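K.L.:
Protein chains in written order, with my numbering: chain Y, 1288 to 1645; chain F, 18 to 269.
#1: By how many angstroms is the C-alpha of residue 1482 of chain Y removed from the C-alpha of residue 1327 of chain Y?
#2: DSSP on residue 132 of chain F, reduced to helix/strand/coil?
#3: Which partner residues of residue 1379 of chain Y appear in the DSSP bridge assignment?
#4: Please classify residue 1642 of chain Y: does DSSP put it in a helix, a strand, or coil?
#5: Report yes if the C-beta distance between residue 5 of chain F and residue 190 of chain F is below 9 Å; otherwise report no.
#6: For a contact defined as C-beta to C-beta under 8 Å, what are the partners of residue 1357 of chain Y on chain F?
#7: Pull the bridge partners of residue 1535 of chain Y from the DSSP assignment, please.
#8: I think residue 1512 of chain Y touches residue 1506 of chain Y, with their Cβ atoms under 8 Å apart; what is that distance to the nearest whole Å?
#9: Answer yes or no: does any C-beta atom of chain F fall closer than 9 Å to that of residue 1504 of chain Y?
#10: What is the residue span of the alpha helix (DSSP H) that residue 1564 of chain Y lies within?
#11: Output, in sequence order along the chain, the residues in the segment 81-93 of chain F whose CB is closer than 8 Å to any CB in chain Y.
#12: Using DSSP with H/G/I as helix, E/B as strand and the rest coil, what is residue 1400 of chain Y?
#13: Any idea if residue 54 of chain F is buried or exposed, counting beta-carbon neighbours within 10 angstroms, 16 or more meaning buried?
#14: Please list, in chain order, the chain Y residues whose beta carbon lies closer than 9 Å to that of residue 63 of chain F.
#15: Mind pulling the alpha helix (DSSP H) runs of 4 or more residues that sit fully within the segment 1435-1520 of chain Y?
#16: Can you pull the DSSP bridge partners for residue 1369 of chain Y?
#17: Using only the alpha-carbon positions, how far apart do residue 1288 of chain Y and residue 1342 of chain Y sit?
#18: Within this structure, are the beta carbons of residue 111 of chain F and residue 68 of chain F separated by less than 9 Å?
#19: Return no unless some Cβ of chain F is closer than 9 Å to the Cβ of residue 1364 of chain Y.
#20: Rounded to a whole number of angstroms, what is the C-alpha to C-alpha distance between residue 1353 of chain Y and residue 137 of chain F?
#21: Using a Cβ-Cβ cut-off of 8 Å (strictly less than) and excluding sequence neighbours within five positions of residue 1592 of chain Y, which residues of its own chain qualify?
#22: Could you pull the start and end residues of the beta strand (DSSP E) that residue 193 of chain F belongs to?
#23: Can you list, in chain order, the residues of its chain whose CB lies under 6 Å from that of residue 108 of chain F, leaving out five sequence neighbours each side?
#24: Please decide whether residue 50 of chain F counts as near chain Y, where near means a Cβ-Cβ distance under 9 Å.
#25: On the premise that residue 89 of chain F lies in contact with residue 1356 of chain Y, defined as a C-beta separation below 8 Å, what is that separation, rounded to the nearest angstrom?
#26: Provide the residue span of the beta strand (DSSP E) that contains residue 67 of chain F, from first to last.
#27: Please look up how many angstroms separate the CB atoms of residue 178 of chain F and residue 157 of chain F, rounded, as I've assumed it's under 8 Å.
#28: May I have a chain-ordered list of the alpha helix (DSSP H) segments no shorter than 4 residues that lie completely inside the segment 1606-1644 of chain Y?
#29: So, helix, strand or coil for residue 1290 of chain Y, using DSSP?
#30: In or out: residue 1366 of chain Y buried (at least 16 other Cβ within 10 Å) or exposed?
#31: Which residue or residues does DSSP assign as beta-bridge partners of residue 137 of chain F?
#32: Does the segment 1453-1461 of chain Y come into contact with the segment 1372-1390 of chain Y, if we say contact requires no fewer than three beta-carbon pairs (one atom in each stretch) closer than 8 Å?
#33: When the cut-off is 9 Å and only beta carbons count, does residue 125 of chain F lie next to chain Y?
#34: Compare the C-beta of residue 32 of chain F with all C-beta atoms of chain Y and state if any pair is closer than 9 Å.
#35: Does the beta carbon of residue 108 of chain F sit closer than 9 Å to a beta carbon anywhere in chain Y?
#36: Hey, how far is the Cα of residue 174 of chain F from the Cα of residue 150 of chain F?
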């Protein structure tokens, strides 16, 4: 499976997890540190062979705690480094993610969501939308969160994750789910399309002909910390202005707009098309960045549409961000499946019909 | 006519104008100075990336003129692993307390040694959590009174203390493991020799090198600097015996 994956202009059929791993290699990832957990173990398996073959760094870490901290260490030198994991194990990493945000380190975390809470199960889930976008670590911080909906997007957004992490010196999460990780689709591995980011003014390289550099999160005084947090949040605002990305179809005349990210957005798109055939004015807005969330666009659409329906594989997490953006100007409904496969096209069509009064 | 020359100088690796903020009589200052002297002598300063840990050891980066990363509590050797794997040409060492190294960070410490990562760890063992006010730690001696062992450490409640250098020596990836003390001038010289040996082992790419330094905590032990050093000698050294527990470069 792994040997067929290299840079190619031809389409190859591959799993989401392999697509992410190969894209990371092509993005120039120098170090992979990881610990196995279903449904993303293929990423570490692929990396163990490929990174050794390319004489790059690979460590089978003793825990997810160690893995994410190894990523912090590597990133402190300016290296492109990553780990990958899933739900209950990403929970273990929250302390280090908070440190990385505070240290402004460009770590890349691939989070392939499974069922929770606790050990949960290995079925697809979007139960970690909050974990990724709000964060489980301490303090006021944000991570950039990218949500692929196809295996091709697993490739494209892995490239982008490395670029944005380094451009903004900010932890960046590729948030996929077990369905995307395991499904196979034809993909193309193009050249890494982004420029390399200069890190010579901050990376730890040894204090040669300059004073020693310190990367730390300890802020001895409250004033220091206030100044730092204001600076950090000015960066988040810049990220919101520059990097918010979403896909939008048929929203101009829509009475109902489906909002969905990741694998459920595929069924939402099919359901929208079905409903259009039935003459129902339905549109789709698919957030591609979950932070920054396309709140501004949703607020604009709330001025003219009647209803939003959030389609998610959880108990309703993204719906909170939609409601905040809509700010009471339109109705916001939920169509969810707690865990497992996304709501089916038929279920979504039924929900739309019900909400349309058909 | 004889001219006087200054022979005792502040090492180049110590930040100019910095003043140690450790409590009076605390051995951290001696340990940091020894590290700085060895960095100077081996010409390592400009290629060093140090990893500071959480506890009194965190202030390392305020005193050393080297590049430094602050690791979350216990994770210093995971950070060191990441740095060394990313940049094998750099000199990488951690500076940790016994709580950081052998309690919250035990998994990271042991696995770093087991993998034989080519990094060095310096661990200050003062038998207590110093920065938080003197609580029971992994090396608190049996019978020792701390703020969380008010009637003394008894094994029924608290279990046994750990002999760190001996455990690290058992790992196949360890190239060097030593325990030293800073209670007398001869012992300070031995401590410096051990740090130098550990750093040289990393330079030679031989694997994990480790130095445990027995140190005072006069503030939390509620002892004068002299009495604190007496305690190191009389209570700690009989249990935590100084010595070289592993050195793969030594002749058998």
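Glycine included, every Cβ here is placed at the ideal spot set by N, Cα and C. Being a predicted model, the structure only gives us computed values, none of them experimental.
P.N.:
Here's the rundown:
#1: 28 Å
#2: helix
#3: Bridge partners of residue 1379 of chain Y: none, in fact.
#4: helix
#5: In this structure chain F extends from 18 to 269, so residue 5 of chain F is not present and cannot be described.
#6: 95, 96, 98, 99 and 102
#7: Y:1572
#8: 4 Å
#9: yes
#10: 1551-1564
#11: 81, 82, 83, 84, 85, 86, 87, 88, 89 and 92
#12: strand
#13: buried
#14: 1493, 1494, 1495 and 1496
#15: 1438-1455 and 1465-1469
#16: Y:1319 and Y:1395
#17: Per-residue confidence for residue 1288 of chain Y stands at a pLDDT of 41, beneath the threshold of 50, marking its modelled position as unreliable; the derived number appears in the next sentence. Those two C-alpha atoms are separated by around 20 Å.
#18: yes
#19: yes
#20: 17 Å
#21: 1538, 1541, 1542, 1543, 1544, 1570 and 1617
#22: 191-198
#23: 61, 64 and 65
#24: no
#25: 7 Å
#26: 65-69
#27: 6 Å
#28: 1632-1643
#29: Note that residue 1290 of chain Y has pLDDT 46, beneath the 50 cutoff, so the model's placement of it is unreliable and the number below is only indicative. Here residue 1290 of chain Y sits in helix by DSSP.
#30: buried
#31: F:110 and F:226
#32: yes
#33: yes
#34: yes
#35: yes
#36: 20 Å
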